[in-house]
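Here is the structure we will look at, set down as structure tokens.
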Amino acid sequence: MNQNTLDKIAKWNSIKEWLSTAKTEEAELRQSIAADLFDKQADGTFKEGTQNLESDIGKIKLTSKLNRKILEEMEDVTLKQLPEIRAMLVKRKPELVVSVYKKLTDEQRAIVDHMLLITPGSIELEIAAPK
10 MNQNTLDKIA KWNSIKEWLS TAKTEEAELR QSIAADLFDK QADGTFKEGT QNLESDIGKI
70 KLTSKLNRKI LEEMEDVTLK QLPEIRAMLV KRKPELVVSV YKKLTDEQRA IVDHMLLITP
130 GSIELEIAAP K
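In my numbering, the protein residues as written are 10 to 140.
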């Protein structure tokens with residue numbers, strides 16, 4: 010491996026470490042600043058939605074979200090009690106089963122490809138130290 014590539018790897022590793030630290034510090038500072046400026050609810054969370062604060066440095070906006078995940082083991086028993094709104098309340102997102110797709114014949118894949126938008130994803134690069 011040439012020195013240029015080794016230098017790139019060293020710089021990449023340094024940036025990865027810095028980025029990890031920066032992300033953690035940014036999240037901690039964001040939480041701390043929000044706690045300094047905005048009231049929390051009794052449960053220690055911020056009220057869901059947007060809150061605005063005018064200050065001498067400008068308008069500060071806090072957007073607080075709640076993540077809601079359906080507990081699949083409770084879905085049927087719960088929604089049986091509300092059949093009239095079941096279809097409106099829970100949506101299904103089509104997801105390709107890639108392992109099945111990869112096993113299709115060329116002819117089958119050519120048909121299925123008409124319904125897919127295929128774009129390159131982000132690459133991953135990992136370097137394991139030699140043993």
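Backbone N, C-alpha and C fix where the C-beta goes; we use that ideal spot for every residue, glycine too.
Self-check item: Secondary structure, beta strand (DSSP E): runs of 3+ residues fully inside the segment 42-125
Solution: List check, beta strand (DSSP E) in window: 58-64 and 67-73.
Quiz item: For Lys-140, does the three-state DSSP call read helix, strand or coil?
Solution: Collapsing the DSSP output to three states places Lys-140 in coil.
Exercise. Given a cut-off of 8 Å, decide if Lys-70 and Asn-76 are closer than it, judged by their beta-carbon atoms.
Key: Taking 8 Å as the cut-off, the beta carbon of Asn-76 is found no closer than this to the beta carbon of Lys-70.
Self-check item: Closer than 8 Å to chain C by CB, Gly-67
Solution: Absence of chain C from the displayed structure is noted, only one protein chain being present.
Quiz item: Roughly how many whole angstroms lie between the Cα atoms of Val-86 and Arg-95?
Solution: Our two residues, Val-86 and Arg-95, have alpha carbons roughly 12 Å apart in a direct line.
Quiz prompt | Selected residue, minimal CA-CA separation from Ala-43, among Ala-31, Thr-30 and Thr-59 | solution = Between Ala-43 and the set Ala-31, Thr-30 and Thr-59, the nearest pair of CA atoms involves Thr-59.
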